[in-house]
Amino acid sequence: DFARVKFELDWKDQDESTREIMVKFLVPPSRKGMDMLRLELRRLESFSKEYRDGSYEEYEGVSEYEWQMIWQYYDALHDALSYALQSGATLSDEVWDIDDDWWVEDGPLKAADVDEHYVHPTRSEKMSYDEL
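Be aware that the sequence shown starts at 9, since it is given in my numbering, and climbs by one per residue.
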């Protein structure tokens, strides 16, 4: 394993009206895991600098809908990684003491809850919370 990191985001007190996002690590966060998140965030930001101001019309076979979904996914992933990195979580190496099934440990959502999963729009550079 090059890094073991798993977390979820939820509204503070599970109340969306707080507008405050909380990070819950599902395995103890390690320096190695957080370094991997930092690298991934830099990679995403580099991707954005190169492509964000472009248009779907520049890429043959990419529809406007696909272009919008790429950036919705980008915003969600960028925001999630940013929240995790800014969480101030205490880092430890405990995750390396967990057996090889560490990734099976799950948060409150299980695979059986598939019909209960939600995809929430994220705040992008072009959208305010009021527009969501």
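Beta carbons: idealized from backbone N, C-alpha and C, even for Gly.
Keep in mind the model is a prediction, meaning the values are calculated, not measured.
For residue i, which three-state DSSP category applies?
{"i": "Asp23", "result": "coil"}
{"i": "Asp43", "result": "helix"}
{"i": "Asp101", "result": "coil"}
Which stretch, first to last residue, makes up the beta strand (DSSP E) that contains residue i?
{"i": "Lys32", "result": "29-33"}
Relative to the C-alpha of residue i, which residue among the options is closest?
{"i": "Lys20", "options": "Ile29, Glu74, Ile106, Val13", "result": "Ile29"}
{"i": "Ser43", "options": "Leu93, Asp105, Leu17", "result": "As written in the sequence, residue 43 is Asp, which differs from the Ser given in the question. The shortest C-alpha separation from Asp43 is found at Leu93."}
{"i": "Trp79", "options": "Pro37, Val31, Ser63", "result": "Ser63"}
{"i": "Trp8", "options": "Tyr59, Val35, His86, Leu85", "result": "Not covered by the structure: residue 8. The range shown for the chain is 9 to 140."}
{"i": "Asp18", "options": "Val103, Ser95, Trp104, Glu72", "result": "Ser95"}
{"i": "Leu89", "options": "Val31, Ser25, Arg12, Asp23", "result": "Val31"}
{"i": "Pro103", "options": "Glu24, Lys57, Asp23, Lys40", "result": "Residue identity differs from the one stated: residue 103 is Val in this sequence, not Pro. Of the listed residues, the one whose Cα sits closest to Val103 is Lys40."}
In or out: residue i buried (at least 16 other Cβ within 10 Å) or exposed?
{"i": "Phe33", "result": "buried"}
{"i": "Asp101", "result": "exposed"}
{"i": "Asp61", "result": "exposed"}
{"i": "Asp105", "result": "exposed"}
{"i": "Tyr55", "result": "First, the amino acid is wrong: residue 55 is Phe here, not Tyr. Exposed is the call here."}
{"i": "Gly69", "result": "exposed"}
Given the structure, does residue i come close to the ligand GDP, in the sense that its CB is under 6 Å from one of the ligand's heavy atoms?
{"i": "Tyr73", "result": "Of the ligands one can find in the structure shown there are none, so the ligand GDP has no counterpart to examine."}
- Query: If you scan the region 55-92 from start to end, which runs of the alpha helix (DSSP H) of 4 or more residues do you find wholly inside it?
  - Reply: none
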